[in-house]
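Asker: Sending over a structure as C-alpha cells; questions will come in a sec.
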Amino acid sequence: MKIVLNGESREVEAETLAALLLECGLTGRVATAVNESFVPSSLRAGHQLNDGDRVEVLAPMQGG
Amino acid sequence: MRAFYGTELPNPLMLGTAQYPSPAILEQAFRVSGAGVATVSLRRESGAGQTFWSMIRDLGVLILPNTAGCHTVKEAVTTAHMAREVFGTPWIKLELIGHTDSLQPDVFQLVEAARILTDDGFQVFPYTTDDLIVGERLLAAGCEVLMPWGAPIGSGRGLNNEYALRAMRAEFPDVPLVVDAGIGLPSHAARAMELGYDAVLLNTAVARAGDPVDMARAMALAIEAGQLAHRADPIEARDMASASTPVIGKAFLS
Chain A
1 MKIVLNGESR
11 EVEAETLAAL
21 LLECGLTGRV
31 ATAVNESFVP
41 SSLRAGHQLN
51 DGDRVEVLAP
61 MQGG
Chain B
65 MRAFYGTELP
75 NPLMLGTAQY
85 PSPAILEQAF
95 RVSGAGVATV
105 SLRRESGAGQ
115 TFWSMIRDLG
125 VLILPNTAGC
135 HTVKEAVTTA
145 HMAREVFGTP
155 WIKLELIGHT
165 DSLQPDVFQL
175 VEAARILTDD
185 GFQVFPYTTD
195 DLIVGERLLA
205 AGCEVLMPWG
215 APIGSGRGLN
225 NEYALRAMRA
235 EFPDVPLVVD
245 AGIGLPSHAA
255 RAMELGYDAV
265 LLNTAVARAG
275 DPVDMARAMA
285 LAIEAGQLAH
295 RADPIEARDM
305 ASASTPVIGK
315 AFLS
C-alpha cells in the first residue's frame, strides 16, 4: 500500500505500524504518530495501517 | 533552593544542545559548565538521532525535551506525548509559538495545553512571557515552574523588561522561576540570578559564540556569582554618595 512516511510517499509491504518500522529500518529509539495522533510503542504491533496514512517517526534531536 | 517538581538542580544552568559547531564541542560545553539540565527536541528520524541520544545520555544530566516549533495545542500535546515516550521523562518544556518573527509564546494556547498536559501527568515547564496574569493562569492550570522570556529566542538582547521579571519574582515567591531565552552575555545571566531567579536556560549565546566552551564556562561562573550575590542580600542603590571611609579620626590638615 501507499503511505506517507515523514512527509515522503512510500510504497510499503507492511500492514502494521510495527512492521513498517522494521521494513524501513527504523529500529532505534523513536516515537510514532499516525494521521497526527500519537501511537505509543506498545500499540504499534496492533496498529493496522491504511492506504494513504500519514506516518511520522521522530527521534531525539538537538534542541534549545 | 526551590525544587523543580521535587528535583533539586545540581546547577542552575539549563543548556540547550542545538547549533554547536560539533558534537565534541557540545560535550565539552556541558562538561566545563557543569550544566544540570540539557534541552532536547524531537525531529523526523534521519539516522542521526540515535548517536545524538547516546551522547546526551552519557552527559549524565537531566533531560528537558521541548515542543519547539509547535503552533497549535494539538501539535504541542502530541509532541509532548512522543517526547515522554522517547526520553522517558514527564518533564516537558512547553513552547507554543504565536508569532513567526519574535517567536513570542501564544499564551492563550499555552495555558490550554498546560492544563491538558498536567492532567495527563506531565510536569510542564512553560516558556511564557513576563505577564503576571498569564503566570497565575499557568499555575492554576497545574504548572509548578514558570519560564518567562528575557528577550526573543536567539536575540541575545538580555533582560528586556527587568521590571516585569522582578515583579514576577515578587509575585510568585515559592515558584521556581527560570529566565528562558534572550540571554546573550554572562552579565545577563548573572542579572537574572541577582533578581532571585532559580535558573537560566540558554542555548544560542553559548553554541554560537566564537568559543562555545569558554562561553559555557563564563555563563556558569556568572550564574554562580549572581546566585551568591542574591543570597548575600545586596545593598539598595541610592542617589547620593555615602562615604565608606570613617569620618571620625580624620586629621585636620586644611
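Sequences listed follow chains A and B, in order.
In terms of my numbering, the first sequence opens at residue 1 and continues consecutively.
In terms of my numbering, the second sequence opens at residue 65 and continues consecutively.
Glycine included, every Cβ here is placed at the ideal spot set by N, Cα and C.
Predicted model only: the values in this text are computed from it and were never measured.
Report the neighbours of A/Asn-6 on chain B: residues whose CB is nearer than 8 Å to its CB, in chain order.
Answerer: The answer, in chain order, is Arg-108 and Glu-109.
Asker: With 9 Å as the threshold, decide whether the Cβ of B/Phe-116 is near any Cβ in chain A.
Answerer: Interface residue, yes.
Asker: Taking the continuous alpha helix (DSSP H) assigned at A/Phe-38, which residues delimit it?
Answerer: Not the alpha helix (DSSP H): A/Phe-38 falls in the beta strand (DSSP E), residues 37 to 39.
Asker: When you compare the CB of A/Met-61 with every CB in chain B, is at least one pair closer than 9 Å?
Answerer: With 9 Å as the cut-off, A/Met-61 counts as an interface residue toward chain B.
Asker: Can you name the start and end residues of the alpha helix (DSSP H) that B/Gly-113 belongs to?
Answerer: Looking at the DSSP string, the run of the alpha helix (DSSP H) that includes B/Gly-113 is 113 to 123.
Asker: Tell me which residue opens and which closes the alpha helix (DSSP H) that B/Val-239 is part of.
Answerer: Premise fails: B/Val-239 is in no alpha helix (DSSP H) and is neither H nor E.
Asker: Output, in chain order, the set of chain B residues within a Cβ distance shorter than 9 Å of A/Val-57.
Answerer: What A/Val-57 touches in chain B: Arg-108 and Glu-109.
Asker: Could you list which residues in chain B have their beta carbon closer than 8 Å to that of A/Val-12, in chain order?
Answerer: Going along chain B, no residue has its Cβ under 8 Å from A/Val-12, so there is no contact; the nearest lies around 16 Å.
Asker: Compare the beta carbon distance of B/Arg-108 and A/Val-57 with 9 Å and say whether it is the shorter of the two.
Answerer: Closer than 9 Å, so yes.
Asker: Quick one: which residues of the stretch 15 to 36 of chain A get their C-beta closer than 8 Å to a C-beta of chain B? List them in chain order.
Answerer: Flagged, chain order: Leu-26, Gly-28, Arg-29, Val-30, Ala-31, Thr-32, Ala-33 and Glu-36.
Asker: Quick one: does the C-beta of B/Glu-176 sit closer than 8 Å to a heavy atom of the ligand SAH?
Answerer: By its list of ligands, the structure shown contains no ligand whatsoever, and the ligand SAH lies outside what it can speak to.
Asker: Closest Cβ-Cβ distance between A/Gly-52 and chain B: below 9 Å?
Answerer: With 9 Å as the cut-off, A/Gly-52 does not count as an interface residue toward chain B.
Asker: Residues of chain A with CB closer than 9 Å to the CB of B/His-145, please, in chain order.
Answerer: Per Cβ cutoff of 9 Å: Ala-31, Ala-33, Phe-38 and Pro-40.
Asker: Taking the alpha carbon of A/Glu-36 as the reference point, which residue from B/Val-198, B/Gln-92 and B/Ala-144 has its own alpha carbon closest?
Answerer: Nearest option by C-alpha distance: B/Ala-144.
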